[in-house]
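J.: The structure follows.
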Amino acid sequence: MTIAEKSQKVTSPRWLHFWLACLPATLFAALVALLGLFSLHNLPRWTFPLLGFYALTQLLPAIVTPEPVLALGGAFLRTALMFGLLGLGAAMGQTRRLWPLALGLIIVYLTALGFNVVEGLDVFVSRLTHPYMTPITLGLAGALGIWLALFSKGHLAWRVPLGLLGGTILLLSGSRGPLLAVLIGSLAAFVLRRRQQALAVLLLTGLLAGASVTVGERLGINLLTRLTQTDTSGRDVVWSNTLSVIRAHPLTGVGSYRLGARLTPPGEPCAIFDTYQSQDKPPTCPPWLARLGNPWLIAHNIALQQLAETGPLGLLGLMVLLTAVTVVTLMGRDPFAVAVVTGLLVATVNDNTLLVPSPFFAEVFWLVAGTQLAAVRHPSFGWKEGLLGVGLSLMLCAPLWVARVLPSTEKSPIAARLSYFNAPATAKSKEPYSVYVQFSVPDGKYRAVLKSCPNACVTLKTVEFYARSGQSDLMNMTSKVGTSGTRNLVLQLLPGKATFRFPVIAQKTWTVQVQP
5 MTIAEKSQKV TSPRWLHFWL ACLPATLFAA LVALLGLFSL HNLPRWTFPL
55 LGFYALTQLL PAIVTPEPVL ALGGAFLRTA LMFGLLGLGA AMGQTRRLWP
105 LALGLIIVYL TALGFNVVEG LDVFVSRLTH PYMTPITLGL AGALGIWLAL
155 FSKGHLAWRV PLGLLGGTIL LLSGSRGPLL AVLIGSLAAF VLRRRQQALA
205 VLLLTGLLAG ASVTVGERLG INLLTRLTQT DTSGRDVVWS NTLSVIRAHP
255 LTGVGSYRLG ARLTPPGEPC AIFDTYQSQD KPPTCPPWLA RLGNPWLIAH
305 NIALQQLAET GPLGLLGLMV LLTAVTVVTL MGRDPFAVAV VTGLLVATVN
355 DNTLLVPSPF FAEVFWLVAG TQLAAVRHPS FGWKEGLLGV GLSLMLCAPL
405 WVARVLPSTE KSPIAARLSY FNAPATAKSK EPYSVYVQFS VPDGKYRAVL
455 KSCPNACVTL KTVEFYARSG QSDLMNMTSK VGTSGTRNLV LQLLPGKATF
505 RFPVIAQKTW TVQVQP
């Protein structure tokens, strides 16, 4: 495999620098990437069969989904956005031209810090918030700032403040996925480049992060101690529901951007962001946006998302494309590209960091991928690259197989029973439906999950509780159950700690007749 000469002439659009500066701080800026389709000619010829294969694997399953028109439209949009970003990356030619991202990231950092100050929020107790970004997005913004600071070739006068701000935002966000992405991505870049000085900086950063967590534990700062926790923050329930969608549509999936509609509880307001969830009335989407079907509700794993939306063929196409991107990135030895690609691939195991459009991080991934694909003129893929693809696929599919491999942490089955259960046999479609439950279980922390499973399962209500003296409190689980018809409801008792496993301690099912 040979790398193209750096002196190769590229045709970078003049507006690209301004767009890159706006990308992290501006919603919907990703849609501008469609203009990058006119720059696909900058990619070498060998990439076109690869991209054609990927496009076919996304479009063909959409034809036979339950909603073929919407599925085809979604597949065209997602594929066009990805290809547009690859074209823009190829037009840039080198990752050093991504430096305008730093301007947008600084705006994001200052907006988040200023918002928390104005709202009077204690950033050492609760996770850092933002007017239109989640803590995970802020964590990824911090990660990208750190990578730019470590691996850009600009002046230290802006790299050092950017890195310090990025690290601060990353820690205050309390996001463990982005923190792991920073560590793995940076380590991969350092190993390939053998930059001892930069490696020393990473080790120092790790020591400071460890010291911060230790201080947090000593002082009881919940935000910092959260970084050492190993639970999956309720993702096990989302993965279980997504698997039920996959079982209902095993060959074709439900279509690109259509999984969110299957994960949305009936009658749930279309809440856009988590920032105001503590208020009595969280902000809701405009009617036109609500009709889209909540495409921002995700499976929190790229493989599950792809299986649920495009089936096995779509998953195969994505894995082939990601393998090619990873191979050429590692061969190119561009430290920033290696950090971004490996870091975001690690993060996408429990957060979908590659789906476009996104707040900014998926766009950065595919831009970087475009620069790396354009650098390789005559590739040669052998058995080593094949093994890398298998390993990458296994990592990204972790929620599908880890639960079967990992041994149970429970020494013996937990004895549990319903000491009280009251659920009406009928319900009104527009009125809340109440279930009263009480469990007899050993003392400890648990979760009670109420689901509706007409075809695939959707979570109606989740309640975390503590059992004391072998008994839980009497709990009222209230939610709307959907439109008129027969509904199969499921009540599951789960351990309080969410892991890659989904151990159901106890389960009860019943049927409810929903009236108009």
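Take the sequence shown: its position 479, counted from the start at 1, is 483 in the working numbering, and no numbers get skipped.
Note that CB positions come from ideal geometry on N, CA and C, so glycine has one too.
Just how far apart, CA to CA, sit THR256 and LYS512?
T.: Start at 1 with the first residue of the sequence shown, and residue 256 comes out as number 252. Start at 1 with the first residue of the sequence shown, and residue 512 comes out as number 508. Their Cα atoms are separated by approximately 31 angstroms.
J.: Pairs of beta-carbons, one from the region 56-76 and one from the region 110-125, closer than 8 angstroms: are there three or more?
T.: Touching, no.
J.: How about LEU89 and TRP405: do their beta carbons lie closer than 8 angstroms?
T.: In the sequence shown, the residue the question calls residue 89 occupies position 85. In the sequence shown, the residue the question calls residue 405 occupies position 401. No; because the gap between Cβ atoms is not below 8 angstroms, this pair is not in contact.
J.: In the DSSP output, which residue or residues are listed as bridge partners for THR513?
T.: Numbered from 1 along the sequence shown, position 509 holds the residue referred to as residue 513. Beta-bridge pairing links THR513 to VAL494.
J.: Take every Cβ of the region 125-134, pair it with every Cβ of the region 337-356, and state whether three or more of those distances are shorter than 8 angstroms.
T.: In short, these stretches do not touch, since the Cβ pair count stays below three.
J.: Just checking my contact of LEU267 with LEU301 at CB under 8 angstroms: how many whole Å lie between their CB atoms?
T.: Position 263 of the sequence shown, counting from 1, holds the residue named residue 267. Position 297 of the sequence shown, counting from 1, holds the residue named residue 301. Confirmed, Cβ separation roughly 5 angstroms.
J.: By Cβ distance below 8 angstroms, which residues in the same chain neighbour VAL332 in space, the five residues on each side in sequence not counted?
T.: One-based indexing of the sequence shown puts residue 332 at position 328. Excluding sequence neighbours, VAL332 sits near MET5, GLN376, LEU377, ALA379, VAL380 and PRO383.
J.: Since I believe VAL453 is in contact with LEU498 (beta carbons under 8 angstroms), could you give me their beta-carbon distance rounded to a whole number of angstroms?
T.: Within the sequence shown, numbered from 1, the residue matching residue 498 stands at position 494. Within the sequence shown, numbered from 1, the residue matching residue 453 stands at position 449. With 8 angstroms as the limit, LEU498 and VAL453 qualify as a contact, their Cβ atoms being about 6 angstroms apart.
J.: Where does TYR424 land, buried or exposed, given buried means 16+ other C-beta within 10 angstroms?
T.: Along the sequence shown, read from residue 1 onward, the residue named residue 424 stands at position 420. Label assigned to TYR424: exposed.
J.: Among ALA502, GLY271, PRO446 and ALA147, whose alpha-carbon lies nearest the alpha-carbon of SER433?
T.: By one-based count along the sequence shown, residue 433 stands at place 429. Minimum Cα distance to SER433 is reached at GLY271.
J.: Pick out the complete alpha helix (DSSP H) segments inside the region 148-192, 4 residues or longer, and give them in chain order.
T.: 160-177, all fully within the region 148-192.
J.: Terminal residues of the continuous alpha helix (DSSP H) containing MET323?
T.: Taking the first residue of the sequence shown as 1, we reach residue 323 at position 319. Where MET323 is concerned, the enclosing alpha helix (DSSP H) stretches over 306-336.
J.: Using a Cβ-Cβ cutoff of less than 8 angstroms, which residues in the same chain neighbour VAL508 once the five nearest sequence positions on both sides are dropped?
T.: Reading the sequence shown from its first residue, position 504 is the one you call residue 508. Cβ within range, chain order: GLN496, LEU497 and LEU498.
J.: Using the Cβ count rule (16 or more neighbours within 10 Å means buried), how would you classify TRP243?
T.: Indexing the sequence shown from 1 puts residue 243 at position 239. Buried, because 16 or more other Cβ atoms sit within 10 Å of the Cβ of TRP243.
J.: What ranges does the beta strand (DSSP E) occupy inside the region 371-428, keeping only unbroken runs of at least 3 residues that lie completely in it?
T.: Within the region 371-428, the complete beta strand (DSSP E) runs of at least 3 residues are 380-382 and 421-426.
J.: From which residue to which residue does the alpha helix (DSSP H) around LEU41 run?
T.: By one-based count along the sequence shown, residue 41 stands at place 37. From DSSP, LEU41 is part of no alpha helix (DSSP H); its letter is neither H nor E.
J.: On the DSSP letters alone, give me the boundaries of the beta strand (DSSP E) that VAL73 sits inside.
T.: Here residue 73 corresponds to residue number 69 of the sequence shown, with the count starting at 1. Not the beta strand (DSSP E): VAL73 falls in the alpha helix (DSSP H), residues 72-96.
J.: Considering ALA502, what are the terminal residues of the beta strand (DSSP E) in which it resides?
T.: Start at 1 with the first residue of the sequence shown, and residue 502 comes out as number 498. It is not in any beta strand (DSSP E) - ALA502 carries neither H nor E in the DSSP assignment.
J.: Can you look up VAL439 in the DSSP assignment and give me helix, strand or coil?
T.: Mapped onto the sequence shown, residue 439 falls at position 435. VAL439: strand per DSSP, three-state reduction.
J.: Tell me whether the beta-carbon of ALA431 lies closer than 8 angstroms to the beta-carbon of VAL485.
T.: Along the sequence shown, one-based indexing puts residue 431 at 427. Along the sequence shown, one-based indexing puts residue 485 at 481. In contact: ALA431 and VAL485 (Cβ atoms closer than 8 angstroms).
J.: For ARG239, count the other beta carbons within 10 Å of its own beta carbon; 16 or more makes it buried, fewer makes it exposed. Which is it?
T.: As a first step, residue 239 is located in the sequence shown; it is residue number 235 there, counting from the start. Flag for ARG239 reads buried.
J.: Measuring straight from C-alpha to C-alpha, what distance separates VAL219 and LEU176?
T.: Against the sequence shown, residue 219 aligns to sequence position 215. Against the sequence shown, residue 176 aligns to sequence position 172. Its pLDDT being 49, under 50, VAL219 is placed unreliably in this model, and the value from its coordinates should be taken loosely. Taking the straight line from one Cα to the other gives about 14 angstroms.
J.: Should ARG82 be labelled buried (16 or more other beta-carbon atoms within 10 Å of its own) or exposed?
T.: Your numbering for residue 82 matches position 78 in the sequence shown. ARG82 is buried by the Cβ-count criterion.
J.: Once DSSP output is grouped into helix, strand and coil, what is the label at PHE364?
T.: Here residue 364 is taken as the residue at index 360 of the sequence shown, counted from 1. In this structure, PHE364 counts as coil in the three-state DSSP scheme.
J.: Hey, how far is the Cα of LEU293 from the Cα of VAL258?
T.: Walking along the sequence shown from the start, residue 293 turns up at place 289. Walking along the sequence shown from the start, residue 258 turns up at place 254. One C-alpha to the other measures close to 20 angstroms.
J.: Can you tell me where the alpha helix (DSSP H) holding GLY56 begins and where it ends?
T.: Locating residue 56 in the sequence shown gives position 52, where the first residue counts as 1. Unbroken alpha helix (DSSP H) run through GLY56: 51-67.
J.: Looking at GLN475: is its Cβ nearer than 8 angstroms to the Cβ of SER444?
T.: In the sequence shown, the residue the question calls residue 475 occupies position 471. In the sequence shown, the residue the question calls residue 444 occupies position 440. Yes, Cβ-Cβ distance for GLN475 and SER444 is below 8 angstroms.
J.: Counting along the chain, where does the alpha helix (DSSP H) carrying ASN120 start and finish?
T.: If you number the sequence shown from 1, residue 120 lands on position 116. That run of the alpha helix (DSSP H) goes 105-122.
J.: In whole angstroms, what is the alpha-carbon distance linking ALA427 and PRO458?
T.: Numbered from 1 along the sequence shown, position 423 holds the residue referred to as residue 427. Numbered from 1 along the sequence shown, position 454 holds the residue referred to as residue 458. Taking the straight line joining both Cα atoms gives about 17 angstroms.
J.: Name the two residues that bound the continuous alpha helix (DSSP H) containing VAL241.
T.: Locating residue 241 in the sequence shown gives position 237, counting from the first residue. Looking at the DSSP string, the run of the alpha helix (DSSP H) that includes VAL241 is 239-252.
J.: Nearest CA to the CA of LEU74: which residue from GLY321, PRO182, ALA95 and GLU313?
T.: Locating residue 74 in the sequence shown gives position 70, counting from the first residue. Among GLY321, PRO182, ALA95 and GLU313, the Cα nearest to that of LEU74 belongs to GLU313.
J.: Straight-line CA distance for THR133 to LEU169?
T.: Working through the sequence shown from its first residue, we reach residue 133 at position 129. Working through the sequence shown from its first residue, we reach residue 169 at position 165. Those two C-alpha atoms are separated by around 15 angstroms.
J.: Taking the alpha carbon of ILE55 as the point to measure from, which residue in GLY149, VAL121 and ALA328 has its own alpha carbon closest?
T.: Mapped onto the sequence shown, residue 55 falls at position 51. One point to set straight first is that residue 55 is Leu, not Ile, in the sequence displayed. It is ALA328 whose Cα lies nearest to the Cα of LEU55.
J.: For a quick check, are the C-beta atoms of GLY167 and ILE150 less than 8 angstroms apart?
T.: Position 163 of the sequence shown holds residue 167. Position 146 of the sequence shown holds residue 150. Cβ atoms of GLY167 and ILE150: closer than 8 angstroms.
J.: Would DSSP call ILE225 helix, strand or coil?
T.: To locate residue 225, count along the sequence shown from 1; it is residue 221. Low local confidence applies: a pLDDT of 49 at ILE225 is under 50, so the model's placement there is unreliable, and no value is given.
J.: Within 10 angstroms of its Cβ, does GLN310 collect 16 or more other Cβ (buried), or is it exposed?
T.: On the sequence shown, residue 310 is found 306 positions in, with the first residue counted as 1. When all chains shown are included, GLN310 counts as buried.
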